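Engineer: One structure follows; several queries about it will come next.
Here it is in structure tokens:
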């Protein structure tokens, strides 16, 4: 379902806007019994990699026999898939049930945004309906004022700090890091993959202020990647010959954050570390829309690379895996993203780019993005379904189609290709 479909089944009001702050959701959650305080949570923030890190950790924890709740955004295809327990999505009936409860407790007066309602539904679903052992919560936007930030987790993870949501989070790395570091809680351990000194300093300062033990990649733990095998080192353990399911050098970093999280969870919360469980979990992790191969011959790849750093990782992965192929790119992005930078980087690998748009308030017009490109072979088509057909028609045995630019766009594409 979409929220529109849900509203047709059961009447409720929400605001379709981004409005950061915690007051509205805290007041509403109190009315429904503060379910956020009844669940064990790992809170995952950062600019890139938070979804993949979540998927690796989810897979390992499911492998260890736990009931694992996941709340992520945006949707892969429909709002049900943002809420799952052990990979099974919330049903339409369960969503209707929750909305009925929420309506009885003043949802109409609460003035919640769409994302705040989804967050509240996640807490209620995990605490009351499914009673999960642990929930993995992905930050929506930033961290400090994000509606997920009303919990005291077992563990916080900040994957990294990049240039994203600049209009909402500030323009400098330090300002953005300040928002991300807001998920650090009093004496709750925090893991971070951040490498930039300016951002690390902000995260470290927040951790010291909150007396939170902090574990930085390349300091308290590290990884190596050789011949497709991952190795991991920390004060507690050395691991060799690990295999991971997701492609790309950047996924090795995300996997190492998940490994460190698993180690800390087993150290501190009466779980037993099991290397076989860890290995099996890393191999089974799936993450739709992240270098997702939806067709093998000729290859069609979906990747929601939606900012400069994500595009860098994607371009590198394409170079490694498809250096001998002609690359056709289908691209659509949100207008508040660094579009010119993203297009320049894609032009380094693309033989041809088709620009399009999709039905979303912040989506950039295809013709506007087309004007930015300097590639010789380029075109635009405002209707994304037509653009997709055009892109597919350009493929032959010697080519690969890469569809990228926005997670929301990938979500639309998946309704047709998966």
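In this note's numbering, the protein residues as written are 878 to 1295.
Where is the CB? At the ideal position from N, CA and C, for every residue including glycine.
Since we're looking at a predicted model, the values are computed, not measured.
Would you kindly work out how many angstroms separate the C-alpha atoms of residue 1165 and residue 1280, rounded to a whole number?
Structural biologist: Approximately 13 Å, taken between the alpha carbons.
Engineer: Would residue 1061 and residue 1038 be called neighbours here (beta carbons separated by less than 8 Å)?
Structural biologist: no
Engineer: Are three or more beta carbon pairs between the segment 906-925 and the segment 1253-1270 nearer than 8 Å?
Structural biologist: no
Engineer: For the segment 956-1007, list the alpha helix (DSSP H) runs that are entirely contained and at least 4 residues long, ordered along the chain.
Structural biologist: 969-981, 984-987 and 991-1001
Engineer: By Cβ distance below 6 Å, which residues in the same chain neighbour residue 1122 in space, the five residues on each side in sequence not counted?
Structural biologist: 1160 and 1162
Engineer: Determine the DSSP secondary structure at residue 1246, reduced to helix, strand or coil.
Structural biologist: Three-state result, residue 1246: helix.
Engineer: So what does DSSP say about residue 1180, is it helix, strand or coil?
Structural biologist: Residue state, collapsed to three classes: strand.
Engineer: Please state whether the Cβ-Cβ distance between residue 1234 and residue 1221 is less than 8 Å.
Structural biologist: no
Engineer: According to the neighbour-count rule (16 or more other Cβ atoms, all chains shown, within 10 Å of its Cβ), is residue 918 buried or exposed?
Structural biologist: buried
Engineer: How far does the beta strand (DSSP E) with residue 953 in it reach, from first residue to last?
Structural biologist: Residue 953 -> no beta strand (DSSP E), and no H or E assigned at all.
Engineer: Would a C-beta distance cut-off of 8 Å place residue 1135 and residue 992 closer than the cut-off?
Structural biologist: no
Engineer: According to the Cβ coordinates, are residue 916 and residue 930 closer than 8 Å?
Structural biologist: no
Engineer: Go ahead and pull the three-state DSSP assignment for residue 1039.
Structural biologist: coil
Engineer: Under the rule that 16 or more other beta-carbon atoms within 10 Å means buried, what is residue 1225, buried or exposed?
Structural biologist: exposed
Engineer: Identify, in the order they occur along the chain, each residue of the same chain with its Cβ nearer than 6 Å to the Cβ of residue 1117, setting aside the five sequence neighbours on each side.
Structural biologist: Contacts found: 1108.
Engineer: Taking the alpha carbon of residue 1274 as the point to measure from, which residue in 1215, 1202, 1283 and 1097 has its own alpha carbon closest?
Structural biologist: 1202
Engineer: I'd like the list of long-range same chain contacts for residue 1090, defined as Cβ closer than 6 Å, with 5 residues on each side in sequence excluded.
Structural biologist: 1066
Engineer: With a CB to CB cut of under 6 Å and the five nearest residues on each side skipped, what residues in its chain are close to residue 1158?
Structural biologist: 936, 937 and 940
Engineer: If you follow the beta strand (DSSP E) that residue 920 is in, where does it begin and where does it stop?
Structural biologist: 918-922
Engineer: Taking all protein chains shown into account, decide if residue 1064 is buried (16 or more other Cβ within 10 angstroms of its Cβ) or exposed.
Structural biologist: exposed
Engineer: Can you confirm whether the segment 1207-1218 touches the segment 1178-1190 when touching is taken to mean that 3 or more C-beta pairs between the two stretches lie within less than 8 Å?
Structural biologist: yes
Engineer: I want to know whether the segment 891-903 touches the segment 1003-1016 - three or more CB-CB distances under 8 Å.
Structural biologist: no
Engineer: Is residue 1263 helix, strand or coil by DSSP?
Structural biologist: Residue state, collapsed to three classes: helix.
Engineer: Where does the unbroken beta strand (DSSP E) through residue 1158 begin, and where does it stop?
Structural biologist: From DSSP, residue 1158 is part of no beta strand (DSSP E) but of the alpha helix (DSSP H) over 1152-1161.
Engineer: Would you call the CB atoms of residue 1278 and residue 1269 closer than 8 Å?
Structural biologist: The answer is yes: Cβ separation under 8 Å.
Engineer: Going by the beta-carbon positions, is the gap between residue 1125 and residue 1036 smaller than 8 Å?
Structural biologist: no
Engineer: How about residue 1247 and residue 1285: are their beta carbons less than 8 Å apart?
Structural biologist: no
Engineer: What are the complete alpha helix (DSSP H) segments, minimum 4 residues, inside the segment 1264-1294?
Structural biologist: Given a length threshold of 4 residues, each whole run of the alpha helix (DSSP H) inside the segment 1264-1294 is given here in chain order: 1284-1294.
Engineer: Sort 1230, 908 and 900 by Cα distance to residue 1026 and report the nearest one.
Structural biologist: 900
Engineer: Measure the C-alpha to C-alpha separation of residue 1098 and residue 898 and round it to an integer number of angstroms.
Structural biologist: 34 Å
Engineer: What is the residue span of the alpha helix (DSSP H) that residue 1221 lies within?
Structural biologist: 1216-1224
Engineer: Give the C-beta separation of residue 909 and residue 1003 to the nearest angstrom, bearing in mind that I take them to be a contact with Cβ-Cβ under 8 Å.
Structural biologist: The Cβ separation is near 13 Å, so there is no contact.
Engineer: What does a CB cutoff of less than 8 Å around residue 1113 pick up in its chain, not counting 5 residues either side in sequence?
Structural biologist: 1140 and 1144
Engineer: Please work out which residues of its chain come closer than 7 Å, Cβ to Cβ, to residue 1081, disregarding the five sequence neighbours upstream and downstream, and give them in chain order.
Structural biologist: Same-chain partners within the cutoff: 1091.
Engineer: If you drop the 5 nearest sequence neighbours on each side, which residues of the same chain put their C-beta closer than 7 Å to that of residue 1264?
Structural biologist: 1207, 1231, 1233 and 1258
Engineer: Bridge partners for residue 1084 per DSSP, in chain order?
Structural biologist: DSSP, once it has assigned bridges, lists no residue as partnering residue 1084.
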